[in-house]
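Protein chains: 2
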Amino acid sequence: MGLTKTEIFTEEQNKLALLFKALGHPARVAILQRIILANTCICGDLVGELGLAQATISQHLKELKSVGLIQGKIEGVSVCYCINPDTWKLLENNFGDFINSYKAIPDCC
Amino acid sequence: MGLTKTEIFTEEQNKLALLFKALGHPARVAILQRIILANTCICGDLVGELGLAQATISQHLKELKSVGLIQGKIEGVSVCYCINPDTWKLLENNFGDFINSYKAIPDCC
DNA sequence: CAAATTAAACGTAATATTGCGATAAACTAT
DNA sequence: ATAGTTTATCGCAATATTACGTTTAATTTG
Numbered sequence: 086m087g088l089t090k091t092e093i094f095t096e097e098q099n100k101l102a103l104l105f106k107a108l109g110h111p112a113r114v115a116i117l118q119r120i121i122l123a124n125t126c127i128c129g130d131l132v133g134e135l136g137l138a139q140a141t142i143s144q145h146l147k148e149l150k151s152v153g154l155i156q157g158k159i160e161g162v163s164v165c166y167c168i169n170p171d172t173w174k175l176l177e178n179n180f181g182d183f184i185n186s187y188k189a190i191p192d193c194c
Numbered sequence: 086m087g088l089t090k091t092e093i094f095t096e097e098q099n100k101l102a103l104l105f106k107a108l109g110h111p112a113r114v115a116i117l118q119r120i121i122l123a124n125t126c127i128c129g130d131l132v133g134e135l136g137l138a139q140a141t142i143s144q145h146l147k148e149l150k151s152v153g154l155i156q157g158k159i160e161g162v163s164v165c166y167c168i169n170p171d172t173w174k175l176l177e178n179n180f181g182d183f184i185n186s187y188k189a190i191p192d193c194c
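So this is what it looks like as structure tokens:
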């Protein structure tokens, strides 16, 4: 096995899980924080700042890009990455719905 | 390799990533939605409702419990699971800070 | 054009995850 | 006590992830 049974879940559950999965690694959290902090797009500065090899960071960027959380444009020799505002908004809304669907119950467990 | 280098990231980044990772599987999203929807604690009803084997669901519940998202109490033969309000609140706050730290920039990428 | 820089892609090793059948443990009911 | 119910745990196979050295492709600079 080792294969997630996506077919038995709803589209919504799969999409949300994919976004969370992409956020489920400290390096990718760190990368997103860096991009946000820099305000303007940053590129391979990450390699110097995080303690990971270039190939590893490139892989994490690819994953973030594949779920649409970031987007990149070639800027001469280097590549400029930044947040994808649409996906960010979508994440914010979906997560908001998810987290707000729970209302604390006094006497439970 | 195959081992996440947690030591090079901040406590905050690791904690957030762990929570996201726990949410990063459609079965676990579905389980949480079910628990929330039932309003009162539900137990192994999940086995009939999701299309996964009992052992698999038990494993997912364990993972959700290990990061503190849910808690369970033995109720006779069965086990009663419900959301852990403290962790839920923590997730809500941490995610809020994270998502709100980004403000869209007009001309970027 | 040649050398340097940047980032993606390839290949590989180590480890983690997913899923399940089978078994075990704990309680309930007969 | 014995049988049934419920859930956790074990062990295993298949697949995914993490990390990195090396190579490749593209661009810039001398």
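Keeping their order, the protein sequence lines are chains U and S.
Residue numbering for the first sequence follows the numbering used here, beginning at 86 and increasing consecutively.
Residue numbering for the second sequence follows the numbering used here, beginning at 86 and increasing consecutively.
Glycine included, C-beta positions come from ideal geometry on N, C-alpha and C.
Predicted model only: the values in this text are computed from it and were never measured.
| In three-state terms, what does DSSP make of U/Val164? | DSSP, read as helix, strand or coil, puts U/Val164 in strand.
| query | At a Cβ threshold of 9 Å, is S/Lys106 touching chain U? | reply | yes
| For U/Leu131, which of U/His110, U/Glu92, U/Pro191 and U/Tyr166 has the nearest alpha-carbon? | U/Tyr166
| Pick from U/Thr95, U/Ala102 and U/His110 that is closest to S/Arg101, judged by C-alpha positions | Here residue 101 of chain S turns out to be Leu, not Arg, going by the sequence shown. Closest option to S/Leu101, Cα to Cα, is U/His110.
| said: Tell me the residue span of the alpha helix (DSSP H) that contains S/Glu177. | reply: Per DSSP, the unbroken alpha helix (DSSP H) holding S/Glu177 starts and ends at Pro170 to Asn185.
| message | Using the Cβ count rule (16 or more neighbours within 10 Å means buried), how would you classify S/Val114? | response | Result: buried.
| task | Using 10 angstroms around the beta-carbon of U/Leu88, count the other beta-carbons present and answer buried if the total reaches 16, otherwise exposed. | result | So U/Leu88 ends up on the exposed side.
| request: Please say whether S/Ala123 and S/Leu149 have beta carbons closer to each other than 9 Å? | output: Taking 9 Å as the Cβ cut-off, S/Leu149 and S/Ala123 do not qualify as a contacting pair.
| message | If I follow the unbroken alpha helix (DSSP H) through S/Pro191, where does it start and stop? | response | Element bounds for S/Pro191: n/a, residue is neither H nor E.
| What's the gap between the Cα of S/Leu146 and the Cα of S/Ile159? | 14 Å
| request: Report yes if the CB atom of S/Asp171 is closer than 9 Å to the CB atom of S/Gly157, and no otherwise. | output: no
| request: Pick helix, strand or coil for S/Gly133, following the three-state DSSP scheme. | output: helix
| Boundaries (first-last residue) of the alpha helix (DSSP H) holding S/Asn124 | Careful: S/Asn124 lies outside any alpha helix (DSSP H) and carries neither H nor E.
| message | Just to make sure I have the definition right: I need the residues of chain S whose C-beta is within less than 7 Å of the C-beta of U/Glu177. Which are they? | response | Ile184
| task | Tell whether a beta-carbon distance below 9 Å holds between S/Tyr187 and U/Ile127. | result | no
| query | Does the beta-carbon distance from S/Phe180 to U/Gln118 come in below 9 Å? | reply | no
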